[in-house]
Structure formats: C-alpha cells, structure tokens
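Encoded as structure tokens, the structure appears first; notes follow it.
Protein chains in written order, with the working numbering: chain A, 47 to 314; chain B, 47 to 314; chain C, 47 to 314; chain D, 47 to 314.
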C-alpha cells in the first residue's frame, strides 16, 4: 500500500507558521526529585515551526518524541528519570531533532508541585500545592526556558485598615511569577514559589489548627498589603534573586466586590 | 432527491433515553422586564425523551423551536417579548409540541441578571451582576420549573474572631439557591437573589467609595458567619418565602487556605 | 490561653445541614495498583452532616483525616499503599470517625487514570488518559460508593451518511458513565472505561501512525452512530456487566454546529 | 471624619507597575449597531500604570469611569449609545483622564456577537454566535486598539483523505484572529469574523435542515484542510485586508485523538 505524505506537499498559500503542534496531551511522567522518584500526569504542548514551502507537519512524530522520552524503553539508554521538568523537555526536543526537521521547537509542561511546609504555631507538616508550568524553547542560536509558578495567598487592605481602626477586608489572592532565561540558568521552581508565597499578607496552609489559624490571622493584620504591594515585592525580590526576563501578575478576589483587582509588572 | 429519515429507524439496542437534545446553544433573546425590553445572549439547553423503538431525534426541530420563538416572525402572532425566562421557555416547548413527538420536554436557559443596588453610605447606584438559570420541565401530567440563582458575597469567620480579639479572616463566598416548583408558582429571581444576598456577612458592591467601603467592613465584623450559617439562613428564609423543593450550596474561597469550604442542604 | 470552640455553640437558626466540609483540596496520594506504587495529585472533597443544634464543624479535623491517611506516618500502622481509590477513601472515613462526630460522611476524589492501549494497525503501545471520580458515602445503615469515568471518543453521523453516499460529519464526543452501588461491589474503573470506550464510533488514541489513522478512519465509517446510539450501547452493556444504579451522559461536539448535542439516560 | 488616602503614600519598595486595575467586572452596556440599540452584559478589564513613588490606585475611580460612561446620566451629555466597542472604551478612558492621573490606560471588553447567516441550501436565516474581545490602549504618544475574534469551524484531514479513498476524519476547530492597530484604523469585527469563518473546511451553522447538512458535508469533503492550512489562509487574507500587527491561532479538537492540534502564526 502506498502512503501519501500530504504533509510534504507545497501549500497553495505560502506563509511561514511559527508554532505547529499538539496541545492538551496528558500522559504519565516520571521525575527524580531530590533523590526520590515521582510519577505524575502533566499536560503537554509541543510545537515546531513550518517553513513556507511545506504544507504540514507529521504530528505523530511529536507524540512519539514525548512518549519515547517518557518510557525510555530503548535499551541503549540509561533508564534514569530526569531531574527537572526542563531536563525532561530538552530530552524530548533531542529526540524530536532526529525525527522531524525544524528550526525552532518548543515543549511546555503544566503540572502541580506539592511542597512540605510547617504551620506557623503548632509546627505541623502541611502539604501545599502549586500550579507550575515550564517551557523549553530551542531556536537556531540558543535554547531558553520559561518557568512559571502560581501561588495562592491573601491580601489585607491597608486603606480600609487605616480608615476602620484596624479592621479591614481580607481576601484570597493568586500571584503568578514567570521568568524567561537561558536554559542553563539554575533556577528552582521551589525558590520562585518561596519568593511569591512570602510576598502576600500571609502564606496559606492546607492544615491549620486553632493556634495556627490565630497566627495566620495576626500576621495578615500586621502585614496589610494592596495587590500593588504584592506585585512590587515579588518583582523586587525576583530581580535580586533570579537572572532573566521577569513577569508578575497578581489577582485579588476581593471580598467586598464581585470583580477582581489586578496588578501586573515586568522587567526585561 | 430522496431523504433518508435515519432517526425514525428502529435501533438494534432497545433502551429508553430520558434526555436527548442540544446544549450550549447561544442565541439572542428578548425579554420585556418591568415594562422595558432587554436583549441578551443566553445559553440554551433543550431536551426530549426518546422511546425504545426510535433510533434518534430530529435535532434541527429543537433548534427551530428556539429560533422561531426568539424571532416570532410568524405573522399571525403578537410580537410581544415574553416577560420571564420561564414564559419564554414554555413558548419554546409549545412550538416543539407541534414539531416533534415526545412525552417529556425540558428547556434550560443560563444567563446573567443585572440589578440596581444602592451603596450603603454614599447611597450611589451600583449595578450588580448575578448568574441565573431557569428550566421548564414538561411531563405528561404536570409542568414544573427550576429556578437557580448564584450570588457573590463574603464570610467573616466567627471562630477566628472569638479567638483573636475581634480580628478574623474574611473571604469571598458564592451561594447558590435552587427552587423546583410548579410552573404556575410565582417566584421572582430578584426575590431569590435578595434572600441569598442578605444571608452573607455582607453583600458586595461593584462601586464603593471610601465611606461605603468602611460601611461594608463594619458590617462584616458585626456579622461574622461560618459558611454553615450562610447556608442555614438561606434555607430558613427560602422555606418561609417560597413554595417548592429547595437546594442551597455555599462555597467559601478561604483566604487562609488554598482549598474551599462548603455547606449544602436541601428541603423536599 | 483559652480557645473558644465557636463551632460547638447553638446556632440561632436551627436547620440540619446535609453536607459540610472542604472541597478542591489538592494533595499527593499513593496507590498500589496491580503491584506497582503510583504517586498522583488528586482533588479531594470531604463532607459530613451537621445536626440542627450544632453551629459548625471543625474543618481542620477533616483535613487531618485526609493528610494522616495519606502519610500513614503513625507507627502502629502497616505502611501499605491502598489498592483502590475507594479503599483510600474508606480509610479516610475511618480516621474521621475517631476525630469528629457525624452520622453521614462522604469522601470524593477526582483524578486521571492512564491506561495502556495498543494501536489498531501498527500494534504500538499508546498511553491513554481518562478523568475518573470516586466517592464513598457512609450512612448510618450502609456504605455506598459512586464510580464515575469520562472517556473521549467520537461519533460519525448515520443520518448524514445515509444522505451523502457514505460521506458524513464526524466529531469528538465525550461520554460519562456513573455507577452508584454497595461499597463491597467489586467494579474496576478500567472495566467501566472499557464499556464506554467500546461504544463510540471508534476509540481514540494518543499515538497514531498513518496505518493506525487509516484503521481508525475505516472503523468510524463502518460504525456510524448518533449520540443516542452511544448512550444506548453504554447503558445496555453497563446493566449487563455492573450491579447498581447507572447514569450515562454523552456530549458530542458537533463539527457542523457551534453547539453540542447530548443524550442522557439512567437506570435505578 | 478624616479619610486616609493610603494609596497616595510612598511605598517602601519602589517599582513601577505597568498595569493596575480591575478585571472580571460585569455590567450592562448599550451599543447602537447599524441603527439599532442593543443591550448586553460584557466583561470589563480596566488598568492604568502606577509610578514608582505611588503606593496604589483608587480602584473606585476606575469603576466610576465605566459605570458613568455606561449610564451617561450626566445631563450635559448627548444620550447616544456608542457605535462600537472601541468607541465605548475610549469614552471610558476620556472620563478616567479627569478622575485619576496616569500615563498609560487600557480598557478591555469581552462579549459575544450574534450575526445573521443564511444556510447553504434551504437559505434559512441562522443566528451565529462569536466570542469577541476589544481593547483600547492609550499611551503618552499614541492610542492603539486590539481586536480579537474567535470562530468555531471545522477541519477535514487531507492526509487521511488521500490515504482512505476519500474518507477522512473531521472535527470541530476554533480559530482566533487578533489585530493590533491604530485606534483610528477602521476594522469591523464582522469582517474579521468573515475572514476566519471562510478559512475552515466549512463554516458551521446553528440551524441545519437535512439539505443544508448535506451541503455542509459535501463542502467539508471538497475542501479538506490541515489546521496549518486554516492558519495560513487566515493570515494571508488578513494581511491583504487589514492594516496592523496580526496574530492567528487555530486549535483543532481532533476526533481521532484525545489531545488537540494547533497552528499559530503572526505578522508584525
């Protein structure tokens, strides 16, 4: 049987496409993190560029690059889980290079990270979850990565506090910190989360006994912050600690309004 | 050209289907509300039952029942907008009766309602938005309706307040009130919203000048409530005011946790 | 320091609450599945009832029941991962019984399952992902469970095929199968997924080489199905294979419309 | 009573913030479109920049700029609905200029547009819905706008068609076209929608009688397209027809896979 390679034909309309690929692919991944192996089910996006003279790409080769990297079933390879999301992504790109021509390739992984925290008063262990996203972007002359963390915290309004003898409105807020930098730049997602989580009126915890709840409440009132303050503190600390282009976005789910308030800033 | 009516064939597997139809259909609707005509773009679901011996339904006839009711372009009809969502839905079912055989028919509309409120101190006008959903369910022996409103408010924790000399954590909360009752039962969505909005620590407002913000802050501290208290107050008031089966669900987006807390109750 | 137990007070409004608890809690879990240990990050909901005379519940005890069951750090316990989501949930309820009085308790877990499939022609391994949800509901006289799977497949319209000389419109469809049954009833999520996945025009695959793609295309045209046919086949097979109350909902994301079509049925 | 203007204080950390404001605000709006007045409930975002030496902004003044523009209750003004979303947004910015100092201001509106189409064979009227988003960005030296439309269509795979004697897999696809241009550039959202809708294998319709369904099916098979082809055709036509920076993103919800495929391109 003859197989037609329609993707290799010349398209009638000649336009370069910057990103062609697959998105929302969920599969199982394995990471060796601080000496322990974890399985998890991330969401993948993988894309390459298509030159003007090619009609399309072979999507199944992108999928294969992911799945083969995941299983690493090929015998000659060391069966060693990757130690970071970006290392896993670069391994996918390396496989893709042998399978499909391209100038530019990107792999993105969205997943959650669970970190151990200690509650502020009872000193119990509390496991906290964070949304993280990591992308590796290979271009002809360089490889870059984008690291993104999303942290849930809170804001206690300083304006209402000044006008109500210490009483104020408080609410859940969500802050995103993104860094775009060289692939080789050593930045841990945990450190990025630490910067963000420490910039709210207070961090939040999954498990809080009454004395812990009291400590969080006290901290929020001692540390009132506008959404603007949270954004400023995150970018200030991030610039000191991490090398690269920085983007910060904080959204506060106001308890006195039906809408949200935002503060966004960037450093390039 | 011969057209094959595949839907009328007998299916190999004989199973009654309770709800077959279309969902997520968006179209423009017109309502005459308190003497004024409003256009809006709701989301429709319409479903009928299919007996064991029929393979499928004629989906386009369901769409026609909606679109013809919307346009009311047919000459013999009075071109008068309907005065409530349920009246509009019953008109759709009446059209459907002439188009497609069925025993049971449902029409659901999801949309938003904007109501005028007065801010607590400066007495300005503030327009507030609410998610509403209305369904009309016609069965052989009766016609019922389901009315659902979703209101954004807040909770100020009484437990933290008692343990922190009046300080406490506060957060946005969302409450849903649903009533299932006879089609003819006169219940206004605005009245349901009023019941829910008055059961939080405080209502929320789109526009708040500093003196209004202060009034909302003061009210939250004078009126601390668990998510349980909000649910209890809604169902208590709803039972007094409305006739029918009642369902209440309150979700509080805790400012000290990453997760939410819920309280749910019902009366049948 | 005195701690006020506000939750234990009598509320002013006396109404029984059926479900009070926490939702959207994400934490790491471990399951021993067919002899292998997997870590994953599910979404938890846990709720208990509150009698008329109690103001609230101690939310932190619900969290503790989850987190302690997860870590099983207590020395006297066998450190053996649970072998199913429902076994894990029952273990959480067992812990909760020692911590917080209640008559009724529920634990719900939402997560994804990855299963190995073989592609239809090249016989390669393809890892497929499925949304699953499992709840255990303990009532005074019985313990029940709810098992829910959501599977992505497709429909090829028989009506358009009959009217277009074998050509037709095809689209992605999503089907949900839910079974409510006794806790002790042995039903595997994998078997439920198998029933659903086999009821579409064709199963879908993550990895498809050209010969596999051809096989899937051929199968869809040989097996045209209305969304009604998919629903009927799922409930028919489910009744034969599983004991309990059954609910089926199929949504087809029509390629020729902007809206979706649905078919829903149940057996009690 | 003294009111503290905490927002006017100097922050401890000095960082410029590019975008501070409110988001997800829903309120009623009125537009005069082709001579007819329509009410609708869009979602608003409004943001301004904050210099290093200011702690925060007065959020209520942003809300006032929206609500006053909406009501236009001020007597000296012509009570004439605005004729486009960007005109409405510029009017909001004009009000904001009198209320709150800033260098840069943005207003964004997300809503749906309903357009009348004619079905391909029976020539009936079918109302089609589209997601649209418009932003006006005022900077010291210029005013720009961003116009974004999202259209639901379909793709019929040319590769599978070539390898299966005319049979192929078909699926729903969603394409986004965004243009960033001078405020004064006259570009109608309807024209952008036309460009996108005409670039799929076939447009989709809310109402399709059997002869219309046949026409859509025939058109899809005569017009097979990769997601790459759809993206190429949109950007090619958009460059010819509209002046500005162009961004195109097409997502195809594959009927043979659980994941989606994407093609994205831009022109600056």
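By construction, the Cβ of each residue, glycine as well, lies at the ideal position given by its N, Cα and C atoms. Bear in mind that the values here come from a model prediction, so they are computed numbers and not experimental data.
Three or more beta-carbon pairs under 8 Å between the segment 248-263 of chain C and the segment 297-309 of chain C, yes or no?
-> Taking one beta carbon from each stretch, the segment 248-263 of chain C and the segment 297-309 of chain C have fewer than 3 pairs nearer than 8 Å; the two do not touch.
Find out if the Cβ-Cβ distance for the pair residue 177 of chain D, residue 196 of chain D is shorter than 7 Å.
-> For residue 177 of chain D and residue 196 of chain D, yes; Cβs fall inside 7 Å.
Compute the beta-carbon to beta-carbon distance between residue 179 of chain D and residue 161 of chain D, rounded to the nearest angstrom, for a pair I have assumed lies under 8 Å.
-> Rounded, the Cβ-Cβ distance is 16 Å, inconsistent with contact.
How about residue 127 of chain A and residue 77 of chain A: are their beta carbons less than 7 Å apart?
-> A contact, by the Cβ cut-off of 7 Å.
What residues in its chain sit with their C-beta under 6 Å from that of residue 206 of chain D, if we drop five residues either side in the sequence?
-> Only 214, 215 meet the Cβ criterion.
Give the single residue among A/301, A/283, A/242 whose Cα lies nearest to the Cα of residue 194 of chain A.
-> Answer by Cα proximity: A/242.
Does the segment 280-297 of chain B touch the segment 222-230 of chain B, meaning 3 or more C-beta pairs lie closer than 8 Å?
-> The segment 222-230 of chain B is in contact with the segment 280-297 of chain B.
Range covered by the alpha helix (DSSP H) that runs through residue 388 of chain D = Residue 388 of chain D lies beyond the residue range present for chain D, which begins at 47 and ends at 314; the question has no answer from this structure.
Cut-off 7 Å between Cβ atoms - residues of its own chain near residue 93 of chain D, not counting five sequence neighbours on either side = Counting only Cβ-Cβ distances below 7 Å, and skipping sequence neighbours, we find 65, 66, 67, 152.
Which one or two residues does DSSP pair with residue 293 of chain A in a beta bridge?
-> Residue 293 of chain A is bridged to A/224, A/312.
Residues near residue 185 of chain C by beta carbon distance below 7 Å, same chain, minus five either side = Counting only Cβ-Cβ distances below 7 Å, and skipping sequence neighbours, we find 150.
Are there three or more Cβ pairs, one per stretch, closer than 8 Å when the segment 252-265 of chain A is compared with the segment 101-119 of chain C?
-> The segment 252-265 of chain A vs the segment 101-119 of chain C: in contact.
Taking C-alpha atoms, which residue in A/171, A/60, A/80, A/131 lies nearest to residue 89 of chain A?
-> Closest in alpha carbon position to residue 89 of chain A, among A/171, A/60, A/80, A/131, is A/131.
Where does residue 285 of chain C land, buried or exposed, given buried means 16+ other C-beta within 10 angstroms?
-> Exposed, because fewer than 16 other Cβ atoms sit within 10 Å of the Cβ of residue 285 of chain C.
Identify which residue in C/232, C/240, C/223 has its Cα closest to the Cα of residue 309 of chain C.
-> Here the closest residue by C-alpha is C/223.
Straight-line CA distance for residue 270 of chain A to residue 202 of chain B?
-> Computed Cα separation, rounded: 17 Å.
Which residue spans inside the segment 94-121 of chain C form an unbroken alpha helix (DSSP H) run of at least 4?
-> Fully enclosed alpha helix (DSSP H) runs of 4 or longer: 105-117.
Have a look at B/278, B/252, B/181 and flag the residue whose alpha-carbon is nearest the alpha-carbon of residue 164 of chain B.
-> When each option's Cα is compared against that of residue 164 of chain B, the closest is B/252.
Does any residue of chain A bring its CB to less than 7 Å from the CB of residue 86 of chain D?
-> Proximity of residue 86 of chain D to chain A, defined by a Cβ-Cβ separation below 7 Å, is not satisfied.
For the putative contact between residue 217 of chain C and residue 111 of chain C, defined by C-beta atoms under 8 Å, what is the C-beta separation to the nearest angstrom?
-> Between the beta-carbon of residue 217 of chain C and that of residue 111 of chain C there is about 43 Å, and that puts the pair past the 8 Å contact cut.
Among all the DSSP beta bridges, which residues are the ones paired with residue 164 of chain C?
-> According to DSSP, residue 164 of chain C bridges with C/171.
Quick one: which chain D residues come within Cβ less than 8 Å of residue 297 of chain B?
-> Per Cβ cutoff of 8 Å: no residues; residue 297 of chain B is ~17 Å from chain D at best.
In whole angstroms, what is the alpha-carbon distance linking residue 87 of chain D and residue 268 of chain C?
-> Looking at the two C-alpha atoms, the distance is approximately 46 Å.
Where residue 176 of chain C sits in the DSSP three-state scheme | Reduced to three states, the DSSP call for residue 176 of chain C is strand.
Which residues of chain C have a Cβ atom closer than 8 Å to the Cβ of residue 158 of chain A, listed in chain order?
-> Those within 8 Å of residue 158 of chain A in chain C are 72, 87.
Which residue's Cα is closest to the Cα of residue 142 of chain D: D/209, D/129, D/95?
-> The shortest Cα separation from residue 142 of chain D among D/209, D/129, D/95 belongs to D/95.
Output the residue ranges of the alpha helix (DSSP H) runs that lie fully inside the segment 246-307 of chain A and measure 4 residues or longer, sorted by chain position.
-> The DSSP assignment places 256-268, 273-287 as complete runs of the alpha helix (DSSP H) inside the segment 246-307 of chain A, in order along the chain (cut-off: 4 residues).
Same chain, Cβ closer than 8 Å to residue 116 of chain B, neighbours up to 5 away in sequence not counted = Taken in chain order, the residues that qualify are 73, 74, 75, 76.
Can you give me the start and stop residues for the beta strand (DSSP E) that residue 64 of chain B sits inside?
-> In this chain, the beta strand (DSSP E) harbouring residue 64 of chain B covers 63-72.
Residues sharing a beta bridge with residue 89 of chain B, DSSP = Answer is B/72, B/156, bridged to residue 89 of chain B.
Using the beta-carbon of each residue, which ones in chain E are nearer than 7 Å to residue 256 of chain C?
-> The chain inventory of the structure shown lacks chain E, comprising the protein chains A, B, C and D.
Can you tell me which of the three DSSP states residue 128 of chain C falls into?
-> Residue state for residue 128 of chain C is assigned as strand, using DSSP reduced to three classes.
Got a sec: which bits of the segment 192-219 of chain A sit with their beta carbon under 7 Å from any beta carbon on chain B, in order along the chain?
-> Flagged, chain order: 198, 200, 206, 209, 210, 213, 214, 215, 216, 217, 218.
Residues that residue 279 of chain C contacts on chain B, provided the C-beta gap is smaller than 8 Å = Within 8 Å Cβ-Cβ: 59.
Quick one: what does DSSP say residue 55 of chain C is sitting in, helix, strand or coil?
-> Three-state DSSP puts residue 55 of chain C in coil, outside helix and strand.
Ends of the beta strand (DSSP E) at residue 202 of chain C?
-> Taken as a continuous stretch (DSSP letters only), the beta strand (DSSP E) holding residue 202 of chain C covers 188-202.
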